[in-house]
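Each remark here refers to the structure printed beneath this line.
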Amino acid sequence: MSAPTYDLGKLHGGLRLPAHKNASTAEPIKNVPVPAQLILPIEQHVGEPAQPVVGIGDRVLKGQLVAEPDGEMGAPIHASSSGTIVAIERWPVSRRHGDKAPCIIIECDGKDEAIADAPIEDYRSLASADLLLRILDGGIVGLGGAVFPTAQKLMQARTCETEFLILNGVECEPYISCDDVLMRERAPAVLGGAQILMHALNINTCYVAVESDKPEAIACLAEVLGELDDPRIVLKQVPTIYPSGGEDQLVQLVTNREVPSGGLPTDVGCLVQNVGTAAAVADWVLRGEPLISRVTTITGDGVAEPVNVRARIGTTIEEAIHYAGGYTDRAKHLVIGGPMTGKSVTTDEVPLVKASNCVLVLAETPSAGDELPCIRCGDCAAVCPVQLLPQQLFWYTCADDEKKLREFGLLDCIECGCCDLVCPSHIPLTADFRMAKGRIRELADEKARAERARKRFEARNDRIERELLEREAELDRQKESAKAAGPAAIAEILKRKQKPGNGDPE
C-alpha cells in the first residue's frame, strides 16, 4: 500500500470553511433511473456551441452523437439514453441570469439501448496522437467545473515541456462531495484514467492530490495503487483549506512552482485534470462509453435525503432532487454548484450538464447584510489566494479604470469569494470584479473588432492602389507596344486611360 506524501508548497491566504459534507457522503452513489425526457444543451463546454446532427423525429441510441463540435474549442455531445428527438428549442439552463439556450430534447423510450462502440483493447499500442483523437470523440470535458475540452487541453500540453500530470481530488468548496465518493467507489477508474492520460502526454509522473479531510478516499486510492504497482503515480495529501483546489493553487501546493500571472500550469511544466475527468477518460477508452453521465452531489437543508447520484446528462434538477427524497418544507434557494462559486437558478427544470457537480438547496436565501463603506481593514488582501489587493481593485472598479484594473491584476482573480466572506462592510467584491472583468473583455473584443476592421480597410486600400498601379503599368506597356501601330492606336489608349468605363478606375 502506497502512503501519501506531504512535501508540499505553501498557499497564500485562503479560508478554513465548515465542510457540510457528512450528510451526502453517508450513503453510496445512487443511480438515477432513466427519466421520461432528457434536455441536452448544445453548449456544455468553452468555445462555440456544438451543432446538432439529428433532426426532430429521429430515433437515437444511448451514446450516439447528437451534436458535433463547431471549432477547435468544442466537444461532441451524445445521447444519454435511447429515444426520439422531439424538439430542438430554447430551454432554461444554469446560467447566472437564468437565460434560456438551445437544447436537444429526447423523449426516452425506457429501453436504454446503447449504440455499439467497441472499447480499445490495448491503448498502449496507440500512438499519443491517435489516443488524443479517441479522447476527443468521447465528448470529455473538465468535470471540475471549467468544462475545457480534455483533448484540447492535452494537445496544448503536448506543445509544452510538460513534466507532471496532477489529478485534482481536492474538493475544497463546502457541501460538494462528488469527487470524494467517486475516489472511494471508483479508485481503479480514476487511476486507470491517470495511466491513459500519462500515455497520451508521454510523461512519467502523476500526482494524485487529495485533501487531508478525505481519509476514506485516500485509503481507497492507496490500496489500488498498491495493486497497480505503478511507481509513476504518487499520492499527495494537501491541507484542507479553501480554495486549494484551484488549478494554480494546487500546482503551487504540489510542486512548489508558481504559475505566472496570466499564464497556465503548463508554463511551469504541469497539467491539471479533475479525478472525475480521469474516470471519464477510462470509461470511454476502456469501456467505450462517452461522457453521458456524471456524479452530482444533491444536498443542503432543503433536501430530504442528501446523497451523491450518478445521473444522465440532461436529467432535470427536479428529477434528481426527487430521487434524493424531494424537497423539505425549508427549501427556499436553489444553487447549481457550491455556496462560494455556484450559480443561483429560479427553476428546477434546468438540466444537469457536464459541469453540474452539485445541486445545493438552501433553507434561506444567502444574505451578507447591508453594504457599508470600505473601512480599509485589509482582511480581503490577507485571504486572497492569488495575492491580489481587492481593496484597491474595488476602488478602480468603482472608477471604471481599466488601465489600473489590469495593472493590479484583476484578470488573475479566480472569483473564489474569500474576500466577500471576510469583508466586514458586506461589499459584494466578487460580483463587482466579475462585472468589471466582463467589461474589460467586452472592451478588448471591441478593440479587436476595430483592429480587424482597420486591417480590412487598409488591405482594401492597398489592393485598390495595387490594381491601379498594375493597370497604369499595363496601359503604359500597351502604349509602348502600340507606337508602331500609328497615331490612331495611341489615341485610343490615351482615351481609355482618361475615361473610366468597362471596370477602369476613375
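Just remember that the numbering used here sits 678 ahead of the position in the sequence shown, which is counted from 1. We treat Cβ as the ideally placed atom computed from N, Cα and C, and that holds for glycine. Bear in mind that the values here come from a model prediction, so they are computed numbers and not experimental data.
| message | At the level of alpha carbons, what is the spacing between Ile793 and Glu925? | response | Cα to Cα, the separation comes out at about 36 Å.
| Straight-line gap, Asn952 to Leu1146 (C-alpha atoms, nearest Å) | When rounded, the separation of the alpha-carbon atoms in Asn952 and Leu1146 is 59 Å.
| Distance between Ile720 and Glu841 (C-alpha atoms, nearest Å) | CA-CA distance, Glu841 to Ile720, rounds to 34 Å.
| said: Taking a contact to mean a Cβ-Cβ separation below 9 Å, would you say Ile784 touches Gly817 in this structure? | reply: Taking 9 Å as the Cβ cut-off, Ile784 and Gly817 do not qualify as a contacting pair.
| task | Give the DSSP bridge partners of Cys948, in chain order. | result | According to DSSP, Cys948 bridges with Phe842.
| query | Do the CB positions of Ile999 and Val1037 come within less than 9 Å of each other? | reply | Ile999 is a Cβ neighbour of Val1037, given a cutoff of 9 Å.
| message | Only counting the same chain, and skipping five residues up and downstream in sequence, which positions put a Cβ closer than 6 Å to that of Glu1049? | response | Cβ neighbours of Glu1049 beyond the five flanking positions: His1104, Ile1105.
| query | Considering only the beta carbon of each residue, do Ala1041 and Ala1009 sit closer than 9 Å? | reply | Against a cut-off of 9 Å, the Cβ pair of Ala1009 and Ala1041 comes out as a contact.
| For the 8 Å Cβ check, are there 3 or more pairs between the segment 941-961 and the segment 808-826? | Touching, yes.
| task | Would you kindly check if the distance between the Cβ of Val932 and the Cβ of Val916 is under 9 Å? | result | In contact: Val916 and Val932 (Cβ atoms closer than 9 Å).
| query | Can you name, in chain order, every residue of its own chain whose Cβ lies under 7 Å from the Cβ of Gly980, other than the five neighbours on each side? | reply | For Gly980, where only same-chain residues beyond five positions count, the Cβ hits under 7 Å are Tyr1005, Thr1006, Arg1008, Ala1009, Lys1010, Val1039, Leu1040, Ala1041.
| Apart from the five residues on each side of it in sequence, which residues of its chain come closer than 8 Å, Cβ to Cβ, to Gln1069? | Annotation for Gln1069: Cys1052, Arg1054, Gly1056, Cys1058, Ala1059 place their beta carbon closer than 8 Å to its own, counting only its chain and skipping 5 residues before and after.
| field | Residue burial classification, Lys1113 (beta-carbon count within 10 angstroms, cutoff 16) | value | Just to set this straight, residue 1113 is Met in the shown sequence, not Lys. Burial is judged here by how many other beta carbons sit within 10 angstroms of a residue's own beta carbon; Met1113 has fewer than 16 and is exposed.
| What distance in whole Å lies between the Cβ atoms of Asn1035 and Ile854, which are believed to be in contact at a cut-off of 8 Å? | Correct: roughly 6 Å between the Cβ atoms.
| Cα-Cα separation between Asp1182 and Ala1151, rounded to whole angstroms | Residue placement at Asp1182 is flagged as unreliable, the pLDDT there being 48, under the threshold of 50; the coordinate-derived value follows with that caveat. CA-to-CA, the gap between Asp1182 and Ala1151 works out to about 13 Å.
| Is it true that the CB of Arg910 sits closer than 9 Å to the CB of Asn882? | It is a contact, given that the beta carbons lie within the stated cut-off.
| said: For Pro1120, count the other beta carbons within 10 Å of its own beta carbon; 16 or more makes it buried, fewer makes it exposed. Which is it? | reply: Before going on, a small fix: residue 1120 reads as Glu here, not Pro. Classification of Glu1120: exposed, given that the 10 Å Cβ count is below 16.
| Hey, would you say Glu889 sits closer than 9 Å to Cys850, going by beta carbons? | Less than 9 Å separates the beta-carbon of Glu889 from that of Cys850.
| Are there 16 or more other CB atoms within 10 angstroms of the CB of Gln1246, so buried, or fewer, so exposed? | Here the chain has residues from 679 to 1184 only, and residue 1246 is not among them.
| Exposed or buried, which one is Ile734 when buried takes at least 16 other CB atoms within 10 Å? | Flag for Ile734 reads exposed.
| task | Give the secondary structure of Tyr1074 by DSSP, where H, G and I count as helix, E and B as strand, and everything else as coil. | result | DSSP places Tyr1074 in helix when its eight states are reduced to three.
| query | Does DSSP classify Ser806 as helix, strand or coil? | reply | Helix at Ser806.
| request: Could you pull the start and end residues of the alpha helix (DSSP H) that Pro706 belongs to? | output: Pro706: not part of any alpha helix (DSSP H); DSSP gives it neither H nor E.
| Where the alpha helix (DSSP H) through Leu964 begins and ends | Note, Leu964: alpha helix (DSSP H), 953-965.
| task | Would you mind sorting Ala960 into buried or exposed? The rule is 16 or more other CB atoms within 10 Å of its CB. | result | Counting Cβ neighbours within 10 Å, Ala960 comes out buried, since at least 16 surround it.
| task | Quick one: using the 10 Å Cβ neighbour count with 16 as the cut-off for buried, is Ala753 buried or exposed? | result | That one is buried.
| request: In the DSSP assignment, find the unbroken beta strand (DSSP E) run with Arg1084 in it and report its ends. | output: No beta strand (DSSP E) contains Arg1084, which is instead part of the alpha helix (DSSP H) from 1080-1085.
| field | Leu739 versus Glu967, Lys892, Leu693, Val912, residue with shortest Cα-Cα distance | value | It is Glu967 whose Cα lies nearest to the Cα of Leu739.
| task | For Gly870, name the three-state secondary structure that DSSP assigns. | result | Here Gly870 sits in helix by DSSP.
| message | Among the candidates Thr1019, Arg694, Val848, Ile874, whose CA atom is the shortest distance from the CA of Asp808? | response | Out of Thr1019, Arg694, Val848, Ile874, Ile874 has the C-alpha closest to the C-alpha of Asp808.
| request: Hey, could you find the ends of the beta strand (DSSP E) Ala1187 is sitting in? | output: Outside the modelled stretch of the chain, which goes from 679 to 1184, sits residue 1187, for which no answer is possible.
| Would you call His698 buried or exposed, if buried means 16 or more other Cβ atoms sit within 10 Å of its Cβ? | Buried, because 16 or more other Cβ atoms sit within 10 Å of the Cβ of His698.
| At what residues does the beta strand (DSSP E) containing Pro780 begin and finish? | Segment 778-786, the beta strand (DSSP E) holding Pro780.
| field | Arg836 versus Gly978: straight-line alpha-carbon distance, rounded | value | Taking the straight line from one Cα to the other gives about 41 Å.
| request: Ignore the nearest five residues each way along the sequence and tell me which others in Asp795's own chain have a CB closer than 7 Å to its CB. | output: Non-local C-beta neighbours of Asp795 in its own chain, meaning closer than 7 Å and more than five positions away in sequence, comprise Gly741, Gly966, ordered along the chain.
| query | For Ala1151, which three-state DSSP category applies? | reply | Ala1151 falls in the helix class under three-state DSSP.
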